[in-house]
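Okay, structure first, notes after.
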Amino acid sequence: MKVTCEVIRDLLPLYQENMISDDSKALVDDHIAGCDACKKVLDYMKTETVLMDTNVTPLLKIKTKLRRKKVITVLFSVMLSLAVAVLFVAYLTAPEYTSYRDSKISITEVDNGMVVAVFSDQVSGYDISKYQSDEYDGYVVHMTTWDSVWNRIFGRSRVNSVVLNPDGEAVTAVYYYQTDSQVDRLIYGFDINPSGGILTLPRLVLSYYFLLALGFAGFCALLVFIFRKNEIARNLLTKVLLVPISYLLAHLLIKGFDSTSYLALRDFLAILLITIPLYIAFLAAMTYIKEYKKKKA
Ligand SMILES: [Zn+2]
88 MKVTCEVIRD LLPLYQENMI SDDSKALVDD HIAGCDACKK VLDYMKTETV LMDTNVTPLL
148 KIKTKLRRKK VITVLFSVML SLAVAVLFVA YLTAPEYTSY RDSKISITEV DNGMVVAVFS
208 DQVSGYDISK YQSDEYDGYV VHMTTWDSVW NRIFGRSRVN SVVLNPDGEA VTAVYYYQTD
268 SQVDRLIYGF DINPSGGILT LPRLVLSYYF LLALGFAGFC ALLVFIFRKN EIARNLLTKV
328 LLVPISYLLA HLLIKGFDST SYLALRDFLA ILLITIPLYI AFLAAMTYIK EYKKKKA
């Protein structure tokens, strides 16, 4: 019987694994010496020694694993960059409150009863809160303005004016609040509290969220500890634990250790926008570490 290339290729895996009789080995050696094609196949097998399970599934598995690793790495870097980008923009647009100066804001009453606040171009943003006065038939407005690095560089977020009573309601007083614990300054109308002085305080809501996240993180950490022997539960709980940890980290990045805010909603949104990519980056890192450990084991 003539030994064809096909027969030799059937034998090659066994030959490679040294699981072949001496006679067959001689046969393969003989053929290889005279057949370049089969020699190439054998050489290829030698370079891929690990994979020689005579079928290609392990090869595919390793390929998918490598691809997975790549995806995880890319995901990790993209998410981390995203968090850094959000943080950067948040810093650039962070309000820099300044005390009241006439040149920055003026309140004008227009013919049709509209009360308009007109800003100078140093103003990049404003905050307004208003409430109905019980004593007087009209609204009391508290407002402030700020500048930002972003405004100075790009000048795009500039605001020109805002109508304080869009529905034509009466405006009793407009106060300018300052964030340096000076009392609010009357800039329009008449003082509804001439004896005392009003002080607009920053909101504390972010401190509550921070404490809530801290408590939740502690609770999850405890559960992780309790279930440390159960791998599935431990993994799941660790993933849950990473949620408050991401939030706490994002909070510290945006607010530092001062949780008070005159713009709680803005700060909260910025914190969320950093929490999400941070969390995904954490998950990616966790998966990566787990796979690395598996490989080592
Ligand atoms: Zn051959």
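Start counting the sequence shown at 88; every next residue gets the next number (this note's numbering). Glycine included, every Cβ here is placed at the ideal spot set by N, Cα and C. Please read all numbers here as calculations on a predicted model, not as lab measurements.
Cβ-heavy atom distance, residue i to ligand 1, below 8 Å
{"i": "residue 120", "result": "no"}
{"i": "residue 320", "result": "no"}
{"i": "residue 124", "result": "yes"}
{"i": "residue 367", "result": "no"}
{"i": "residue 95", "result": "yes"}
Where residue i falls: helix, strand or coil (DSSP)
{"i": "residue 214", "result": "strand"}
{"i": "residue 455", "result": "Coverage of the chain is limited to positions 88 through 384, which leaves residue 455 absent and any answer about it impossible."}
{"i": "residue 294", "result": "helix"}
{"i": "residue 348", "result": "strand"}
{"i": "residue 139", "result": "Low per-residue confidence applies at residue 139: pLDDT is 49, beneath 50, and the placement is therefore not dependable, though the value from the model is reported in the following sentence. Three-state result, residue 139: coil."}
{"i": "residue 246", "result": "coil"}
{"i": "residue 373", "result": "helix"}
{"i": "residue 222", "result": "coil"}
{"i": "residue 185", "result": "coil"}
{"i": "residue 193", "result": "strand"}
Residue range of the beta strand (DSSP E) that includes residue i
{"i": "residue 272", "result": "272-276"}
{"i": "residue 109", "result": "No beta strand (DSSP E) contains residue 109, which is instead part of the alpha helix (DSSP H) from 109-121."}
{"i": "residue 257", "result": "From DSSP, residue 257 is part of no beta strand (DSSP E); its letter is neither H nor E."}
Reference residue i, options the options, closest by Cα
{"i": "residue 224", "options": "202, 204, 260", "result": "260"}
{"i": "residue 199", "options": "208, 255, 215, 188", "result": "255"}
{"i": "residue 341", "options": "358, 193, 348", "result": "358"}
{"i": "residue 222", "options": "258, 215, 193", "result": "258"}
{"i": "residue 267", "options": "204, 202, 311, 183", "result": "183"}
{"i": "residue 277", "options": "220, 147, 333, 368", "result": "220"}
{"i": "residue 237", "options": "331, 208, 296, 110", "result": "208"}
{"i": "residue 344", "options": "294, 287, 242", "result": "294"}
{"i": "residue 381", "options": "156, 175, 116, 214", "result": "156"}
Terminal residues of the alpha helix (DSSP H) in which residue i lies
{"i": "residue 102", "result": "92-103"}
{"i": "residue 236", "result": "236-241"}
beta-carbon residue i near ligand 2 non-hydrogen atom, thresh 8 Å
{"i": "residue 107", "result": "What this structure holds is ligand 1, not ligand 2."}
Go through the stretch 287-339 residue by residue and report every complete run of the alpha helix (DSSP H) that reaches 4 residues or more, in order.
292-313
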